[in-house]
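Notes for the one structure printed next.
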Amino acid sequence: MKARDFDRKFDAGEDVSDQVDWSKAHRPNVTTRRVNVDFPAWVVEGLDRRARHLGVTRQALIKLWIAERLS
């Protein structure tokens, strides 16, 4: 299938999933690397309070806040 036909079908809302080789699919810029950061206890306690208030994990909160600052 040519790319323009694929795009036309996709744009029309047709199911094109059978035309995709999902084994080769990847999400760019999503590879992860582990880092360790030491925080004072009062910072961790504040993060935990805020995370509980928002209903998310401490790690999710830290990731969100850092991503917002880098945007």
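Here the sequence shown is numbered in our numbering, starting from 207 and rising by one per residue. Where a beta carbon is used, it is the ideal one built from N, C-alpha and C, also for glycine.
Worksheet item: Just how far apart, CA to CA, sit R210 and L267?
Response: 41 Å
Item to complete: Please name the residue, chosen from D213, T237, R239, D254, that lies closest to F245 on a Cα-to-Cα basis.
Response: D254
Item to complete: Below 8 Å on the Cβ atoms is my guess for R264 versus A257; work out the distance and round it to an integer in Å.
Response: 5 Å
Worksheet item: If we ignore side chains and look at the alpha-carbon of each, how far apart do P234 and F212 end up?
Response: 21 Å
Discussion item. Within a Cβ cutoff of 6 Å, which residues of the same chain sit near K215, ignoring the five residues on either side of it in sequence?
Written reply: V222
Item to complete: Please state whether DSSP places E220 in a helix, a strand or coil.
Response: coil
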